[in-house]
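Undergrad: Numbering (the numbering used here), first residue to last: 1 to 138.
Before I ask anything, let me first share the structure, which is written out below as structure tokens.
This is how it looks when you write it as structure tokens:
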């Protein structure tokens, strides 16, 4: 479950954000998770689809993006929803870690590492998804 939750503002963020930390038994460490809520988020009256993304620090804000770059996911999703080309959705961006190659690969490579993808998969399915489902109207 989330061990901390903080509203997130400023920088190049577009929309309503909450920053979470989640302690992971599968990874043996905590990991940052940023959630962007739909502009018209109404948890009392409707539920929302969820989009889960990796490399979360790069998605929304150049303050946290690699080399000061962001991927503009918040602006793109907002525009698509306003144009009726995408339903309003909750965006969940999971930060990577120095062990990024280990996390994203199920097969170990002697030169590049890897091989811990099952632990990362378990983290996502057994820790991140239930935390999001418990905190938001999904």
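Beta carbons: idealized from backbone N, C-alpha and C, even for Gly.
Values in this document were obtained by computation on a predicted structure and should not be read as measured data.
Go through its chain and collect everything with a Cβ distance to residue 75's Cβ below 7 Å, but skip five positions before and after it.
TA: Taking the first residue of the chain shown as 1, we reach residue 75 at position 75. Excluding residues within five positions, the ones whose Cβ falls inside 7 Å are 14.
Undergrad: What number of angstroms, rounded off, separates the C-alpha of residue 9 from the C-alpha of residue 18?
TA: What you label residue 9 is simply residue 9 of the chain shown in a count that begins at 1. What you label residue 18 is simply residue 18 of the chain shown in a count that begins at 1. Roughly 9 Å between the two C-alpha positions.
Undergrad: Tell me whether the beta-carbon of residue 56 lies closer than 8 Å to the beta-carbon of residue 95.
TA: Residue 56 sits at position 56 when you count from the first residue of the chain shown. Residue 95 sits at position 95 when you count from the first residue of the chain shown. Cβ atoms of residue 56 and residue 95: closer than 8 Å.
Undergrad: Give the DSSP-derived three-state secondary structure of residue 30 in the structure shown.
TA: Counting from one through the chain shown, the residue named residue 30 turns up at place 30. Strand at residue 30.
Undergrad: Excluding the 5 residues flanking residue 134 on each side, which residues of the same chain have their C-beta closer than 8 Å to its C-beta?
TA: Sequence index remark: in the chain shown, residue 134 carries index 134 (1-based). The residues are 1.
Undergrad: Between the C-alpha atoms of residue 32 and residue 113, what's the straight-line distance to the nearest angstrom?
TA: The residue labelled residue 32 in the question sits at position 32 within the chain shown. The residue labelled residue 113 in the question sits at position 113 within the chain shown. Each residue's alpha carbon lies about 22 Å from the other.
Undergrad: Residue 111 by DSSP, collapsed to three states: which one?
TA: Taking the chain shown and counting its residues from 1, the one referred to as residue 111 is at position 111. Coil.
Undergrad: From residue 136 to residue 67, what distance separates their C-alpha atoms?
TA: Numbered from its first residue, the chain shown carries residue 136 at position 136. Numbered from its first residue, the chain shown carries residue 67 at position 67. Each residue's Cα considered, the two are about 31 Å apart.
Undergrad: Beta carbon of residue 48, beta carbon of residue 138: below 8 Å?
TA: Start at 1 with the first residue of the chain shown, and residue 48 comes out as number 48. Start at 1 with the first residue of the chain shown, and residue 138 comes out as number 138. Cβ distance < 8 Å, so residue 48 and residue 138 count as in contact.
Undergrad: Let me make sure I understand the geometry here. Which of 106, 78, 121, 129 has the alpha-carbon closest to that of residue 40?
TA: By one-based count along the chain shown, residue 40 stands at place 40. Ranking 106, 78, 121, 129 by Cα distance to residue 40 puts 78 first.
Undergrad: Would the beta-carbon of residue 12 fall within 8 Å of that of residue 70?
TA: Your numbering for residue 12 matches position 12 in the chain shown. Your numbering for residue 70 matches position 70 in the chain shown. For residue 12 and residue 70, yes; Cβs fall inside 8 Å.
Undergrad: Considering only their Cβ atoms, is the gap separating residue 104 from residue 115 smaller than 8 Å?
TA: Taking the chain shown and counting its residues from 1, one reaches residue 115 at position 115. Taking the chain shown and counting its residues from 1, one reaches residue 104 at position 104. Cβ atoms of residue 115 and residue 104: not closer than 8 Å.
Undergrad: In three-state terms, what does DSSP make of residue 21?
TA: Position 21 of the chain shown holds residue 21. Three-state result, residue 21: strand.
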